[in-house]
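Step one of this worksheet: look at the structure below.
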Amino acid sequence: MEPERSYVSKVVLKVVVIGDSGVGKTSLMHQYVNKQFAYSYKATIGADFLMKDVVVDDQVVTLQIWDTAGQERFFSLGAGFYRGVDGCVLVYDVTNPKSFENLTNWRKELLHKIGGPKLDKLPPFVVIGNKIDLAEQRLVPEAMAIAWCQAHGSVTHYEGSAKDAINVEQAFKALVKEALANSQFETKCVFLPFATL
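Using our numbering, you'd call the opening residue of the sequence shown number 15 and step up by one each time.
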């Protein structure tokens, strides 16, 4: 017997995770999607993405979470990487002041690639100060990061740890809620085959 065809509406959000090399972007993604932390560091080459289905306010949402090689210089990522972005996670390392200073450049790059001032609504941003498990090595005070977030449009800020799974789930959930409220997402029709008995 032929499977019965059915189409359902599904919300798909594209989220990009950007920041300097070594800040823990890939680790945050894997902790969020797979509940795993890799103790060995392996730099991302090019771009990669993971998918995760989540339920937010009774809405099923499929996240496409995109990661890129942080060593690529600002303005070097192709426009295709940012095309259709619904939300952005900006990541810095609390033990690395330069990675915090570069948040401004990463934000500018994204806004430039998506058309910035020409947009009616900008995609929401969430900032994560990663590696708080290395408290004795901290060089970026939380107050400084909060001030940066307030100066850039009241961006939501979390300090967290990919290693210890601190505030990872919360940061991504906050971004998804903001993206859904932003109403810039597309509802896509997805074909799902159902077998009939």
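Just so it is clear, CB atoms sit at the ideal spot from N, CA and C, and this is done for glycine as well. Please read these numbers as outputs of a predicted model, since none were measured by experiment.
Helix, strand or coil for residue i, going by three-state DSSP, please let me know.
i    : result
K24  : strand
T76  : strand
F139 : strand
T170 : strand
G33  : coil
L194 : helix
T82  : strand
D147 : helix
G94  : helix
V47  : helix
Can you tell me which of the options puts its alpha carbon nearest to the alpha carbon of residue i?
i    : options                   : result
F114 : V26, G98, G94 and S35     : S35
H44  : I79, L194 and L27         : I79
N196 : V31, G33, C102 and S41    : C102
F186 : L148, V47, V25 and Q73    : V47
K145 : E183, L194, E192 and D178 : D178
G98  : Y106, K135, V37 and D107  : K135
S159 : G129, V108, A52 and V37   : The displayed chain sequence assigns Ala, not Ser, to residue 159. Checked all of G129, V108, A52 and V37; the closest Cα to A159 is V108.
F139 : R121, F63, K112 and Q73   : R121
E192 : D72, A52, D100 and L64    : D100
K66  : H166, Q151 and V26        : V26
In its own chain, which residues sit with a C-beta less than 6 angstroms from the C-beta of residue i, not counting the 5 before and 5 after it?
i    : result
N181 : Y172 and G174
V141 : L104, C163, V169 and H171
Q50  : H44
L148 : T109
K127 : A93 and Y96
Between residue i and the rest of its own chain, which residues show a CB-CB distance below 7 angstroms, the 5 nearest in sequence each way excluded?
i   : result
V68 : V75, L77 and V190
G38 : V105, D107, N144, K145 and A176
V70 : K187, V190, K191 and L194
Quick check: is the beta carbon of residue i nearer than 8 angstroms to any beta carbon in chain D?
i   : result
V25 : Although the question refers to chain D, the structure presented lacks it and comprises just one protein chain.
When burial is assigned at 16 or more other CB atoms within 10 Å of the CB, is residue i buried or exposed?
i    : result
E156 : exposed
L117 : buried
L124 : buried
G94  : exposed
L42  : buried
I32  : buried
F88  : With a pLDDT of 47 at F88, under the threshold of 50, the modelled position of this residue cannot be trusted; read the value that follows with caution. Under this definition F88 is an exposed residue.
L153 : exposed
K112 : exposed
Among residues of its own chain, excluding the 5 on either side of residue i, which ones have a beta-carbon nearer than 8 angstroms to its beta-carbon?
i   : result
F63 : Q78, I79, W80 and D81
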